[in-house]
Every structure is written in structure tokens, then in C-alpha cells.
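Visitor: The numbering of the sequence shown is full-length UniProt numbering, which starts it at 1 and goes up by one.
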Amino acid sequence: MPAVNRSTTFVHRVTGFRINLHTTDVTREDHGVPDACRACGKTAKEMSAQKPPQKLMCCTRCKSNGNTRILYCSKACQVVDYKDGRPPNQPPHKRSCGRNHLEPSDNPPVDPSLLPVIRVLDSEHIKLYTDTPTTALQAQLEFLTNNCSAHYGFRRPKNGKYVAHQIQGMGGELFLQMRAEAMERREPASIALMEKLLAMSIFPTNLYTAGQYVSQLETEYEVDLEECHRALERSARHESLFRAWVDWAGPRIRDDAPALGVHFMMPWYYLPAGKFLHPVKYHPLGGGL
1 MPAVNRSTTF VHRVTGFRIN LHTTDVTRED HGVPDACRAC GKTAKEMSAQ KPPQKLMCCT
61 RCKSNGNTRI LYCSKACQVV DYKDGRPPNQ PPHKRSCGRN HLEPSDNPPV DPSLLPVIRV
121 LDSEHIKLYT DTPTTALQAQ LEFLTNNCSA HYGFRRPKNG KYVAHQIQGM GGELFLQMRA
181 EAMERREPAS IALMEKLLAM SIFPTNLYTA GQYVSQLETE YEVDLEECHR ALERSARHES
241 LFRAWVDWAG PRIRDDAPAL GVHFMMPWYY LPAGKFLHPV KYHPLGGGL
């Protein structure tokens, strides 16, 4: 995939989401300072000498919020560094994680288990809601395992390939929490909130169209998104989480690429009051309305 740059990275002017249409592995020319794990000091050279060869992975929250490279050799090292740092000279990473664009006092606390830092998504530790997941969910899990910085993978109907999608800041953290609940419990309200967060961070392209991910989520989790949104409306917890994100995002709304003429809007199947209307059942060109 092509590297993320200004032509493929946008900020949703209504929601404050930063949208990366593509992701890529972290690469850098060697300028004499070897890449090493922030927690244990293991170098990239030592990692590559292992059998099988391994790679250092970057804290995606820091990289995406400010292009800062914080490297780790494993999930264990990442969690230890996030919580405790390396006394006496290295403070816990949670004090500075992702703060390039935020004031330190504004940066919300993060559960380190939700930070997608290493390439492997700890798939062996995920307890899926079923022993026989759908083929679509298996494919999604495999894609996320191999694309650590992606929050979700959109499947292109024409060729079956996946396009990585990432949501920045608190919205991304909320999405990861909802994704975990969906995978582990098939929680209907969590699946609906995943869809809502995706709807508010989509940049329309020829890669995927508005509403495509509705059908994809339904296929992956064997649910009806209309029923899921009814569950979302009844869930005080999910409503509180969503409102907390709205309050957080409000003062951070900005547009990084006005020259590109990017204009964002909610999909047509969200009514003015924010009520979800199923885009397949009620399509204006031939549906249930």
C-alpha cells in the first residue's frame, strides 16, 4: 500500500476525526542511531536475527497524532513502558502518548490493552463470541493481525482486497473498545456504535461507498444493523460513551487540507435527528420506503 501522506490523510471538518485511507509499515533510513525497543533496548538488528525474524513496531497513537516514532519489540514491553516507564530516567509513556496535537491535561487516559502497537493483534488471546466465526469475520481478523495500525478493514467488492481505515484520538480508542466487545460478545449496541463511528469518519472514494460497511458488518457478525441501532438507543452506557467523545471532539475540529476541496457530510441514511435508516432496506432508488 502507498505511504500515508497529505493526499491520503484528511481531517473530518464536522467530527474532528483524522482519516487515513492507507497505512504502511514504518521505515526509516539509518542515520547512525539504531532503532531499539523503548522498554528493553533490544535493537532492530537483534530482532531481525531471531528465528523467525521479527520487527520492531511503532506506537500507532504517537505516530498518527504527530509522526513520533516510539518503538517496542513486544506487547509486554509496550504495556510495561506505558504503565511504569524505565526508572529513574524514563517516565511512563502514558504521560506523553499521543500528545503532539493535544495539551497534556486534555489527553484522556488510555487502557494500554487497547493500543494497537505490534503487528500481531494478539489473535491467540481474543475470545470470539463463537467457535465458528463467519468467513468474513475470520478474514477481518486476519487483516487486522497483519495491519497493526488499522482499526477496520474495508473489503473491496471488485477484488476482495481490504483497505485499512484508522480513526484518530479518543474516537479511535472508543472504536477499539467497541470492536473488542463486538468480537468477544457480539454486543449489538457496540456493533451499532462501530458503524456510527465509521459513518462519521468516512471519506467517500471509489474504494468504498457510503453504506458498504453496513452490509460488511452485518455479514461479519450475522446481525441486522437496524436491530443493533435500536439496542444502541436503549443503552445508557453506549450513549454516554458517544456523548463523551462528541464533547472531546468539539474543540478539536479542524481541516488540514482545505485546498483539496474535501467536503464531509453524514450519509443519506442518517436522518436529521441522527436516527439510522438501513441503506439496503430503504434505498431511495429501490427499497422499502
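Even for Gly, the Cβ is constructed at its ideal location relative to N, Cα and C.
Determine the DSSP secondary structure at Glu124, reduced to helix, strand or coil.
Guide: Residue placement at Glu124 is poorly supported in this model, since its pLDDT is 46, which falls under 50; the coordinates still yield a value, given next. The answer is helix: DSSP assigns Glu124 an H, G or I state.
Visitor: Within 10 angstroms of the Cβ of Ala49, are there 16 or more other Cβ atoms? Answer buried if so, exposed if not.
Guide: Flag for Ala49 reads exposed.
Visitor: Are the beta-carbon atoms of Ala199 and Tyr270 separated by less than 8 Å?
Guide: Contact: yes.
Visitor: Answer yes or no: do Pro272 and Gly211 have a C-beta to C-beta separation smaller than 8 Å?
Guide: It is not a contact, given that the beta carbons lie outside the stated cut-off.
Visitor: For the alpha helix (DSSP H) that contains Arg230, what are its first and last residues?
Guide: Segment Leu225 to Arg234, the alpha helix (DSSP H) holding Arg230.
Visitor: Whole angstroms is fine: what's the gap from Glu195's alpha carbon to Tyr221's?
Guide: Straight-line Cα distance between these residues: approximately 12 Å.
Visitor: At the level of alpha carbons, what is the spacing between Met57 and Arg86?
Guide: Rounded to whole angstroms, Met57 to Arg86 spans 19 Å at the Cα level.
Visitor: For my contact list, Leu197 and Ile167 are in at a C-beta cut-off of 8 Å; report their separation, rounded to the angstrom.
Guide: That belief holds up - the Cβ atoms of Leu197 and Ile167 are roughly 6 Å apart, short of 8 Å.
Visitor: Candidates Ala192, Leu241 and Ser235: which alpha carbon is nearest Leu217's?
Guide: Measuring from the Cα of Leu217, the nearest candidate turns out to be Ala192.
Visitor: Closest by CA to Gly169, which one among Ser149, Lys275 and Val79?
Guide: If we check each option's Cα against that of Gly169, Ser149 comes out closest.
Visitor: Taking the beta strand (DSSP E) that residue 357 belongs to, which residues open and close that run?
Guide: Since the displayed the chain opens at 1 and closes at 289, residue 357 lies outside it and no answer follows.
Visitor: Please report the straight-line C-alpha distance between Gly153 and Pro92, rounded to a whole angstrom.
Guide: Rounded to whole angstroms, Gly153 to Pro92 spans 31 Å at the Cα level.
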